[in-house]
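Structure record follows, encoded as structure tokens.
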Ligand code: ATP
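What follows is the structure, encoded as structure tokens:
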């Protein structure tokens, strides 16, 4: 496994569009890093530069102890799993998994052993003689994983590998991929636009927006201490409530009521996660619930607070009705952002 270092890595496409602004970070050996962000934020471009499928405009990319800017993809000691799996339809599962090795002129019995080991690991033993068209989506996904595993790469790259699966299978496969990565200990970079995948799979998350890195942190850091209003609203479903507040005399206020002590002066954006607003008959704050969304294990209350829209998440056994409701706020769970720049204060 390898450490990967990006040093002011930048991508400008030939049409002049800067898809990745200078980015610097290090991925530790064995770490599972997820690049997440909305469509067009530059995450695939970043991954493709690491893979060697896209030229690097500026900066250095180091994999292990080599600068690999000018190294061919085939010589970077990486294996990539794509969204469409890129399986050969006319080949059996066995041949698909072993294909990359055959190209490298590895002895047949060694290939057979590696394919058998990978098939064991991935529960594909019963399917080795089938063609991809005779497999389910999840099984095809595993074949693509098998092909990556047999190469013993020092780095796995994943480009939205679960996008073509239904919701249930996605949940199952993300657990499988994560468990497999833990077991093999291979450094991994995983691209997705799905914040749930990022939260559940990553050791560290890199949140991108408009070609720039907004935040690098553990899932807990990104969720509880978002670096910007963008991260606050991108990570978490429903997203963090972002409210206009006013700071005066060391207190942040909404609708003239003090929410928390806060040093400074003037307008700020106050962030509160929906689960940090607690229905409480003795609570200091009054909200007006306009709609209740039933989600089984919990409910989302859509409400207004001093003229601003908010969402409150409550457990299913909490009684809730539309109309006036008293709530308390977990004051240690608040985030404050600059009202102009959206950066965390
Ligand atoms: P998605 O989730 O939709 O794949 P992404 O975050 O992976 O999005 P990229 O594919 O990295 O985004 O693209 C980033 C930006 O670069 C987009 O605005 C895209 O239109 C632009 N782009 C991608 N390829 C090229 C190209 N060959 N020439 C010019 N612009 C490009």
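In the UniProt record's numbering, the protein residues as written are 1 to 345. Built from N, CA and C at the ideal position, the CB exists for glycine as well.
Buried or exposed for residue i, going by 16 or more other Cβ atoms inside 10 Å?
| i | result |
| --- | --- |
| residue 310 | buried |
| residue 14 | exposed |
| residue 295 | exposed |
| residue 293 | exposed |
| residue 341 | exposed |
| residue 261 | exposed |
| residue 321 | exposed |
| residue 276 | buried |
| residue 230 | buried |
| residue 23 | buried |
| residue 118 | buried |
| residue 43 | buried |
| residue 390 | Residue 390 is absent from the structure shown; the chain starts at 1 and stops at 345. |
Roughly how many angstroms lie between the CA atoms of residue i and residue j, to the nearest whole one?
| i | j | result |
| --- | --- | --- |
| residue 144 | residue 31 | 21 angstroms |
| residue 271 | residue 151 | 46 angstroms |
| residue 61 | residue 189 | 14 angstroms |
| residue 331 | residue 317 | 24 angstroms |
| residue 204 | residue 94 | 34 angstroms |
| residue 111 | residue 140 | 20 angstroms |
| residue 45 | residue 256 | 47 angstroms |
| residue 108 | residue 314 | 59 angstroms |
| residue 71 | residue 52 | 7 angstroms |
| residue 235 | residue 91 | 40 angstroms |
| residue 120 | residue 77 | 23 angstroms |
| residue 281 | residue 253 | 21 angstroms |
| residue 129 | residue 337 | 57 angstroms |
| residue 274 | residue 133 | 44 angstroms |
| residue 178 | residue 343 | 32 angstroms |
| residue 36 | residue 98 | 31 angstroms |
| residue 84 | residue 161 | 7 angstroms |
| residue 80 | residue 7 | 22 angstroms |
| residue 113 | residue 101 | 12 angstroms |
What whole-angstrom Cβ distance do residue i and residue j have, given they're in contact under 8 angstroms?
| i | j | result |
| --- | --- | --- |
| residue 195 | residue 237 | 7 angstroms |
| residue 346 | residue 290 | Any answer about residue 346 is impossible in this case: the structure gives the chain only from 1 up to 345. |
| residue 2 | residue 63 | 5 angstroms |
| residue 259 | residue 329 | 6 angstroms |
| residue 10 | residue 40 | With a Cβ gap of about 17 angstroms, residue 10 and residue 40 do not count as contacting. |
| residue 214 | residue 228 | 5 angstroms |
| residue 47 | residue 157 | 6 angstroms |
| residue 240 | residue 287 | Not a contact, Cβ separation roughly 16 angstroms. |
| residue 34 | residue 198 | 4 angstroms |
| residue 247 | residue 217 | Between residue 217 and residue 247 the Cβ distance is about 26 angstroms, and since that is not below 8 angstroms, they are no contact. |
Going by the C-beta, is residue i closer than 7 angstroms to any heavy atom of the ligand HEM?
| i | result |
| --- | --- |
| residue 115 | The ligand HEM is absent from the structure shown, which contains only the ligand ATP. |
Distance cutoff 8 angstroms, beta carbons only. Does residue i sit that close to anything in chain C?
| i | result |
| --- | --- |
| residue 331 | This model lacks chain C altogether; it includes just one protein chain. |
Taking 6 angstroms as the limit, name every residue whose beta carbon sits nearer than that to some heavy atom of the ligand ATP, in sequence order.
13, 15, 17, 19, 37, 39, 40, 41, 42, 43, 44, 45, 193
Quick one: which unbroken beta strand (DSSP E) runs of 3-plus residues sit fully inside the region 98-165? Chain order, please.
155-159
I'd like the ranges of any alpha helix (DSSP H) spanning at least 4 consecutive residues and lying wholly in the region 25-105.
43-51, 93-103
Going residue by residue through the region 176-219, where are the continuous alpha helix (DSSP H) segments of at least 4 residues, counting only ones entirely within it?
195-201
Restricting to runs no shorter than 4 residues, where is the alpha helix (DSSP H) found entirely within the region 213-293?
219-224, 229-234
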